[in-house]
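Have a look at the structure below before the remarks.
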Amino acid sequence: MPLPPDFTLLQVVPELETGGAEQSTIDVAHAVVQAGGAALVATRGGRMTARLEADGGRLAQMPVQTKNPLTMLGNAARLVSLIRQEKVSIVHARSRAPAFSALWAAHATGTPFVATYHGVYKAQSGLKRWYNAIMTRGDLVIANSDYTHDHVLSEHGIDPGKLVTIPRGVDLGRFDPAFVAPARVEALRAAWGISADDHRTRILLAGRLTRIKGHLMIVEAARRMAEAGRDDFLILFAGDDQGRTGYAAEVQAAIDAAGLSGAIRIVGHCDDMPAAYLLADLAILPTNVPESFGRAAVEPQAMGRTVIASNHGGVTETIVDGTTGWLAPVEDPGAWAAALGRAIDIGPTRRREMGEVGRNRARQLYSADAMCAQTLAAYERVLEARR
């Protein structure tokens, strides 16, 4: 969609390492540049910076990931200077801590402020609810799923007219089986130490190594499967520990204690997720807290893979139970062992059929292009209201 002349977007995100908010930041920056605008990202930086700059976006490096009040004040001053220098049209915050600095800077410069509610933030106290509500204090709030939309309304009671749902998108050019050369899959298989004659069903849990992703529950489910005599599966945990070395060690210890070192592998961060999903036969998302959207449930579907996910949060919108995958009870290793067993037992042909249905649905509903077009339309709506 056309942007106003001299449109400049400033997105503010803690870092550009990995994750859904970060990928959406990159996608929207690219869309703005493609539409003739300028795209800045204020962030600590990270491994995705190269992609941002390759797409024509620009990095404004500053410590916006901090929760230190003095540094946040410093960030606000830096952002004010940046907004004025670059004649920023809209400030778009994607996380709570940097949203404080970003909102202060937007108010100080009279710049429209938009925030995306990327997660369903829990509030056990009035103070925490106030902290979370920073995401609702601008011109417009973007919810990344209907689940998030309903949460924002019930939690913060904002004007529904100030809230819009824009589902997170997947880059369908990148996540397309036709565009992944077999050599990429082979390279990953070799890197992960999977022999060519290993015909076990490969199950992929893609996500950072953090307790909420459910690794320990899957280890217990796998232990029960092995105890029942199953040896026909290989589970791969692909994700960065982001410094959580204690949790990674705990997961490895649980694998070893269960005698599953041959059946479960921690393979670390993966730069080629499309190839990873093609290498896998099945993807899983066993989170023990609700995902607001669940990109790791949509990406494998775009690659034609069936998915099993915990039955809560945004994934209940993106997975059609029994059709494109399955929804399993939260934190129930017995139920997960049964679900994994069923998914293995239906065989590759039936999984491929379900995967194709999921792929078609993902392409229709969750493209990055659609997300970006809706986001740019939201910017235009905010600018029009200000005019």
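The opening position of the sequence shown corresponds to residue 3 in this note's numbering, with each subsequent residue numbered one higher. Where is the CB? At the ideal position from N, CA and C, for every residue including glycine.
Secondary structure at Gly195, three-state DSSP: helix, strand or coil?
coil
Under 7 Å between the Cβ atoms of Cys272 and Val30?
no
Kindly give me the distance between the Cβ atoms of Pro302 and Val182, rounded to whole angstroms, as I take these residues to be in contact under 8 Å.
Pro302 to Val182, Cβ: 13 Å. No contact.
Verify whether the separation of the beta carbon atoms of Ser294 and Gly327 is less than 7 Å.
no
Are the Cβ atoms of Tyr123 and Thr150 separated by less than 7 Å?
no
Taking 6 Å as the cut-off, is the C-beta of Gly360 nearer than that to any heavy atom in the ligand MG?
For the structure depicted, the ligand MG is absent and the ligand set is empty, with no information on it obtainable.
Give a yes or no on contact between the segment 48-62 and the segment 13-33, applying the rule of three or more CB pairs nearer than 8 Å.
yes
With a threshold of 16 other CB atoms inside 10 Å of the CB of Asn70, please say whether the residue is buried or exposed.
exposed
Of the residues Leu280, Ile266, Val253 and Ala311, which one's Cα is nearest the Cα of Leu287?
Ala311
Strictly by DSSP, which residues pair up with Leu61?
Val43
If you draw a straight line from the alpha carbon of Trp282 to that of Met356, how long is it in whole angstroms?
It should be noted that the sequence gives Ala, not Trp, for residue 282. Whole-angstrom Cα-Cα distance: 15 Å.
Thinking C-beta only, is Leu42 closer than 7 Å to Leu12?
yes
Give me whichever residues DSSP pairs with Val116 in a beta bridge.
His94 and Leu142
Measure the C-alpha to C-alpha separation of Gln217 and Phe239 and round it to an integer number of angstroms.
With the sequence shown as reference, residue 217 is identified as His, and Gln is not the correct amino acid for it. Going from the Cα of His217 to the Cα of Phe239 covers about 8 Å.
Considering only C-alpha positions, which residue in the set Ile237, Glu19 and Arg365 is nearest to Arg176?
Arg365
Quick one: using the 10 Å Cβ neighbour count with 16 as the cut-off for buried, is Lys215 buried or exposed?
buried
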